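Read the structure below first, then the notes.
2 protein chains.
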Amino acid sequence: MSLNETLIEQKDALLAAHQADDRERLELLLPELRAADIAEILEQIAEEQDHQTVFGLLDRLPLDRRAHIIGYLPEDLQEELAREMSDESLLSVFEEMSADERADLFNLLDEDRREGLLRRMARQEREDLKRLASYEEGTAGSIMTSDYVAIPSGMTVSQAMMRVRQTAPDAETVYQLYVVDPEGKLAGTLSLRQLMVARPGAQVDDLMIKDVISVPVDEEQEEVARLVARYDMLAVPVTDHEERLIGIITHDDAMDVAEEEATEDMHKGMSIGKIEGGLRSASLFDLYRKRVVWLVLLVFANIFSGAGIAYFEETIEAYIALVFFLPLLVDSGGNAGSQAATLMVRGMATGDVRSRDWAKLLGREVAVAIGLGLTMALAVSVVGIFRAGTEIAMVVAMSMVLIVIVGSLIGMLLPFILNRIGWDPATASAPLVTSIADASGVLIYFAIATAVLGLPGG
Amino acid sequence: MSLNETLIEQKDALLAAHQADDRERLELLLPELRAADIAEILEQIAEEQDHQTVFGLLDRLPLDRRAHIIGYLPEDLQEELAREMSDESLLSVFEEMSADERADLFNLLDEDRREGLLRRMARQEREDLKRLASYEEGTAGSIMTSDYVAIPSGMTVSQAMMRVRQTAPDAETVYQLYVVDPEGKLAGTLSLRQLMVARPGAQVDDLMIKDVISVPVDEEQEEVARLVARYDMLAVPVTDHEERLIGIITHDDAMDVAEEEATEDMHKGMSIGKIEGGLRSASLFDLYRKRVVWLVLLVFANIFSGAGIAYFEETIEAYIALVFFLPLLVDSGGNAGSQAATLMVRGMATGDVRSRDWAKLLGREVAVAIGLGLTMALAVSVVGIFRAGTEIAMVVAMSMVLIVIVGSLIGMLLPFILNRIGWDPATASAPLVTSIADASGVLIYFAIATAVLGLPGG
Chain A
274 MSLNETLIEQ KDALLAAHQA DDRERLELLL PELRAADIAE ILEQIAEEQD HQTVFGLLDR
334 LPLDRRAHII GYLPEDLQEE LAREMSDESL LSVFEEMSAD ERADLFNLLD EDRREGLLRR
394 MARQEREDLK RLASYEEGTA GSIMTSDYVA IPSGMTVSQA MMRVRQTAPD AETVYQLYVV
454 DPEGKLAGTL SLRQLMVARP GAQVDDLMIK DVISVPVDEE QEEVARLVAR YDMLAVPVTD
514 HEERLIGIIT HDDAMDVAEE EATEDMHKGM SIGKIEGGLR SASLFDLYRK RVVWLVLLVF
574 ANIFSGAGIA YFEETIEAYI ALVFFLPLLV DSGGNAGSQA ATLMVRGMAT GDVRSRDWAK
634 LLGREVAVAI GLGLTMALAV SVVGIFRAGT EIAMVVAMSM VLIVIVGSLI GMLLPFILNR
694 IGWDPATASA PLVTSIADAS GVLIYFAIAT AVLGLPGG
Chain B
274 MSLNETLIEQ KDALLAAHQA DDRERLELLL PELRAADIAE ILEQIAEEQD HQTVFGLLDR
334 LPLDRRAHII GYLPEDLQEE LAREMSDESL LSVFEEMSAD ERADLFNLLD EDRREGLLRR
394 MARQEREDLK RLASYEEGTA GSIMTSDYVA IPSGMTVSQA MMRVRQTAPD AETVYQLYVV
454 DPEGKLAGTL SLRQLMVARP GAQVDDLMIK DVISVPVDEE QEEVARLVAR YDMLAVPVTD
514 HEERLIGIIT HDDAMDVAEE EATEDMHKGM SIGKIEGGLR SASLFDLYRK RVVWLVLLVF
574 ANIFSGAGIA YFEETIEAYI ALVFFLPLLV DSGGNAGSQA ATLMVRGMAT GDVRSRDWAK
634 LLGREVAVAI GLGLTMALAV SVVGIFRAGT EIAMVVAMSM VLIVIVGSLI GMLLPFILNR
694 IGWDPATASA PLVTSIADAS GVLIYFAIAT AVLGLPGG
């Protein structure tokens with residue numbers, strides 16, 4: 274929390290110095306701040322003040338820092354900033370940005386502007402930008418960078434070392450090197466550490482690891498993050514369909530993807546669609562839209578619960594006390610089911626659970642659910658006896674056991690079923706599981722009640 | 274998915290060769306496999322076959338690979354393996370393991386064994402192991418390693434380069450270097466890349482960045498992961514209370530922590546306690562225990578909903594059709610509230626939302642919730658008119674608007690309130706929010722019904 278307070282202080286100091294046009298003070302303050310922190314301060318200023326102040330502050334920074342910080346800003350700010358800038362300044366910012374961030378900024382511009390900018394670039398730069406900007410969002414291509422160190426096959430260690438030194442200022446990482454054959458195909462990889470301890474005259478081809486882990490350019494970014502985490506990689510190379518090396522994805526970008534995907538999965542677990550940008554910057558309509566779809570669908574799904582209740586209307590009229598326990602029972606089934614679904618969905622996302630494990634996990638879930646059901650039946654019968662007498666308490670306790678077991682099994686199996694039919698298992702959200710568990714809970718409860726208590730006059 | 278199939282094939286091939294004692298084939302198969310993959314294959318074999326096969330296969334590997342793979346195995350397997358091994362073999366495995374993994378394995382042993390092993394170690398090794406093993410789980414100390422490259426202050430670039438080459442075989446990373454003063458305090462940091470492009474005679478102290486991001490040894494591991502992600506770090510240095518450098522945490526370990534914490538938060542969002550190890554390896558009793566606590570607590574919390582219903586018993590008896598809509602209405606409030614809670618809890622975990630943002634976010638949530646409530650009221654009134662006539666449909670629609678707004682606000686505010694009183698905001702789980710939203714939903718619904726429809730004979 275001290276960091277946040279520090280940031281607030283730094284923001285206030287920056288603003289004061291900027292507004293007083295106190296250049297000396299700004300020259301003391303600005304170099305002290307890290308890019309991620311300045312970006313956060315600017316985002317905050319954009320929320321509290323106006324965007325012009327943000328752009329004014331950015332103008333006070335040297336070009337390379339400015340370019341670096343722009344990469345950290347939220348998309349809407351980047352977009353507006355680019356609109357304010359002349360083609361000249363935008364092109365000079367482009368030059369200082371890393372290839373992947375340049376492509377992301379480029380994709381925020383409208384088509385006319387993009388065309389105009391491309392025309393003013395050197396051929397190689399233009400081709401590189403066009404290519405990086407062309408990959409579909411969510412794929413390996415969309416997060417890779419072309420700033421990597423490629424070593425032509427056939428070099429000696431000392432030649433390769435020279436190449437590393439030459440490329441060092443521009444490359445995103447110089448610590449993992451990629452050996453390519455004359456056709457541009459990825460032939461192997463070696464680390465700078467290996468290179469450093471090797472004999473200068475040794476052949477790179479003899480040192481390199483030939484069995485390289487790489488990803489195709491259209492691989493899902495989620496899968497890329499999983500690979501980087503699994504094999505503790507510094508970067509993963511990306512290849513095109515002819516297995517030519519075309520980019521790398523570094524560990525920090527993989528970590529950002531993993532965080533983004535975890536957030537998306539958590540939201541999905543509550544039937545919330547994918548929200549672009551942060552919670553604070555998302556538009557109200559977007560927040561509404563991403564939440565309302567499933568909520569309304571589930572209103573209709575809940576008709577089944579209502580129909581179940583209608584079917585047992587006579588029982589309910591005869592034993593009105595049954596209604597007291599209705600929310601409690603259906604909630605319990607929904608809760609146990611949501612727990613089971615969450616365990617499965619997250620297990621599948623991290624690779625801890627695979628679809629072929631379902632039968633084994635089903636057996637385990639049955640055992641756990643019986644335990645849960647019995648414990649909760651005990652708890653509810655204490656409540657039941659005090660509120661409604663032994664007979665109804667017995668009905669409620671029996672229902673609880675069954676409802677919890679059925680709810681748990683629905684929650685556990687639904688992700689596997691969805692996966693089997695080609696859907697995202699995360700669609701088995703808590704609200705969906707709850708609605709299905711509710712309908713079954715209503716049927717179980719009133720069926721048991723009708724059987725045990727008998728129909729009025731029956 | 275192809276990876277999994279490949280792994281299954283490799284597992285079958287390994288098992289066949291092992292059982293036939295076909296050494297030639299094993300010598301072809303084993304070097305091809307990566308440590309993370311062998312570990313996963315062994316875990317699978319442990320589940321399907323017996324542990325002896327696993328240990329037998331491990332014995333066929335050279336010591337350094339064996340040590341590396343053991344670090345990837347789940348704790349229960351590591352524990353059993355260590356029990357099977359003699360002190361001699363365990364000590365030689367220890368020597369080949371990285372410092373952090375050695376400490377983790379050491380912590381799985383019982384006290385007598387630990388004492389015995391420590392007595393047989395050299396003093397420096399012993400002190401290092403004892404220190405690393407002593408940090409509380411979940412802190413920076415528990416995940417750091419002591420295998421880093423420290424450069425004494427005052428060295429030249431070429432001296433530092435020599436030091437890097439000497440340390441290279443043992444250090445976890447040689448790409449980020451830490452400069453320490455004579456008292457062992459962290460004076461600065463520089464990257465190998467900086468060192469490589471610098472003049473050999475230059476002073477390291479002139480090159481290094483003095484404003485180092487570091488973490489105290491008792492910092493929460495979650496915070497460490499957040500820092501590494503925020504500043505795109507390769508490793509973060511860890512200091513003791515005298516600001517002496519005592520370890521580093523590398524990006525791959527930070528990424529593992531981030532994944533682990535995201536899993537924990539998702540589970541917490543469904544009121545599931547922290548499960549040690551994977552879902553498949555957790556004991557049934559542990560799974561039961563981690564789920565039952567809140568489920569039972571919520572049974573008692575649901576008494577409030579029951580009490581609300583009891584209070585309005587006369588209204589319900591008079592208009593039994595009201596019961597049809599009860600699960601639908603309380604579910605809707607719970608769903609909207611769970612969505613709001615999840616958005617806030619995850620936002621707080623990633624740093625997108627801060628506690629001081631609550632007022633601004635409250636305003637936004639009110640606006641979104643009104644939109645959600647009106648849309649869902651429209652949906653439910655379509656259902657209502659067909660099932661129960663216009664009068665009840667009107668009651669249901671009015672209730673829906675209010676219930677969704679109240680549910681959303683409960684879900685949104687609860688994480689902030691919990692945070693304020695020093696609890697983990699993630700305690701505002703979907704089941705808890707649902708239970709609270711349920712009780713308010715019951716009151717809102719039947720109060721509106723009583724007001725609009727009137728009491729029987731009233």
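Sequences listed follow chains A and B, in order.
Sequential numbering from 274 applies to the first sequence in this note's numbering.
Sequential numbering from 274 applies to the second sequence in this note's numbering.
Where a beta carbon is used, it is the ideal one built from N, C-alpha and C, also for glycine.
Note that this is a predicted model, so its numbers are computed, not measured.
| Item | Value |
| --- | --- |
| Residues that glutamate 493/A bridges to, as DSSP identifies them | Thr412/A |
| Members of the stretch 507-520 of chain B near chain A, C-beta cut-off 7 angstroms | none |
| For proline 347/B and alanine 444/B, the rounded distance between their alpha carbons | 24 angstroms |
| 7 angstroms Cβ cutoff, threonine 588/A in contact with chain B | no |
| Inter-residue Cα distance where the pair is glutamine 351/B and arginine 399/B | 21 angstroms |
| Glutamate 278/B: contacting residues in chain A (beta-carbon distance under 7 angstroms) | Here the premise fails: no neighbours, minimum Cβ distance about 10 angstroms. |
| Contact set between methionine 649/A and chain B, taken where Cβ atoms lie within less than 7 angstroms | Leu568, Val569, Val572 |
| C-beta neighbour in chain A for alanine 720/B, strict 7 angstroms | no |
| Minimum C-alpha distance to threonine 648/A - residue among Trp631/A, Ala614/A, Ser605/A | Ser605/A |
| Terminal residues of the beta strand (DSSP E) in which glutamine 439/B lies | First-last for glutamine 439/B: 430-440, but that is the alpha helix (DSSP H), not the beta strand (DSSP E). |
| Short Cβ contact (7 angstroms threshold) for alanine 308/B with isoleucine 281/B | no |
| Nearest to isoleucine 665/B (by Cα), restricted to the options Leu645/B, Ala720/B, Asn575/B, Gly646/B | Ala720/B |
| 8 angstroms CB neighbourhood of threonine 429/A in its chain, flanking five on each side removed | Pro473, Gly474, Ala475, Gln476, Val477 |
| Contact residues within the stretch 638-671 of chain A, judged by C-beta distance below 7 angstroms to chain B | Ala640, Val641, Gly644, Leu645, Thr648, Met649, Ala652, Val653, Val656, Arg660 |
| Complete runs of the alpha helix (DSSP H) confined to the stretch 569-632 of chain A [at least 4 residues] | 576-584, 586-591, 599-623 |
| Distance CB(serine 681/B)-CB(leucine 571/B) smaller than 7 angstroms | no |
| Proximity below 7 angstroms, CB of glycine 344/A to CB of glutamate 374/A | yes |
| Beta-carbon proximity check, valine 422/B vs valine 447/B, cutoff 7 angstroms | yes |
| Chain-order list of residues whose beta-carbon lies under 8 angstroms from that of lysine 483/A (same chain, five-residue window excluded) | Ala460, Gly461 |
| Backbone secondary structure at methionine 274/A - three-state DSSP | Legend: pLDDT at methionine 274/A = 31, less than 50; position of this residue unreliable, value from coordinates given subsequently. Coil. |
| Nonlocal neighbours in the same chain, by C-beta distance under 8 angstroms from phenylalanine 689/B, ignoring five residues either side | Met617, Ser628, Trp631, Pro698 |
| Sequence-distant residues of its chain with Cβ nearer than 7 angstroms to alanine 286/B (five each side left out) | Leu302 |
| Chain-order list of residues whose beta-carbon lies under 7 angstroms from that of valine 706/A (same chain, five-residue window excluded) | Gly607, Gly610, Ser611, Ala614, Ile683, Gly684, Leu687 |
| Chain-ordered residues of the stretch 595-626 of chain B with a beta carbon less than 7 angstroms from chain A | Val596, Phe597, Phe598, Leu599, Pro600, Leu601, Val603, Asp604, Ser605, Asn608, Ala609, Ser611, Gln612, Thr615, Leu616, Arg619, Gly620, Thr623, Asp625, Val626 |
| Contact residues within the stretch 527-546 of chain B, judged by C-beta distance below 8 angstroms to chain A | Ala527, Met528, Asp529, Ala531, Glu532, Ala535, Thr536, Asp538, Met539, His540, Gly542, Met543, Ser544, Ile545 |
| Nearest residue (CA-CA) to glutamate 537/B, options Gln317/B, Lys458/B, Arg619/B, Gly457/B | Arg619/B |
| Chain B contact for asparagine 692/A (CB, 7 angstroms cutoff) | no |
| Same chain, Cβ closer than 8 angstroms to leucine 336/A, five either side skipped, listed in chain order | Ser365, Val366, Glu369 |
| Contact under 7 angstroms by Cβ, leucine 405/A with valine 453/A | no |
| Positions along the stretch 447-472 of chain A whose CB lies within less than 8 angstroms of some CB in chain B | Val447, Tyr448, Leu465, Arg466, Met469, Val470 |
| Valine 453/B, enclosing beta strand (DSSP E) - first and last residue | 449-453 |
| Below-7 angstroms beta-carbon distance, isoleucine 482/B vs any chain A residue | no |
| Under 7 angstroms between C-beta atoms of glycine 457/A and serine 702/A | no |
| Threonine 446/A (DSSP reduced to helix, strand or coil) | coil |
| Leucine 331/A in three-state terms, based on DSSP | helix |
| Test: asparagine 575/B CB closer than 7 angstroms to a CB of chain C | No chain C appears in this structure, whose protein chains are A and B. |
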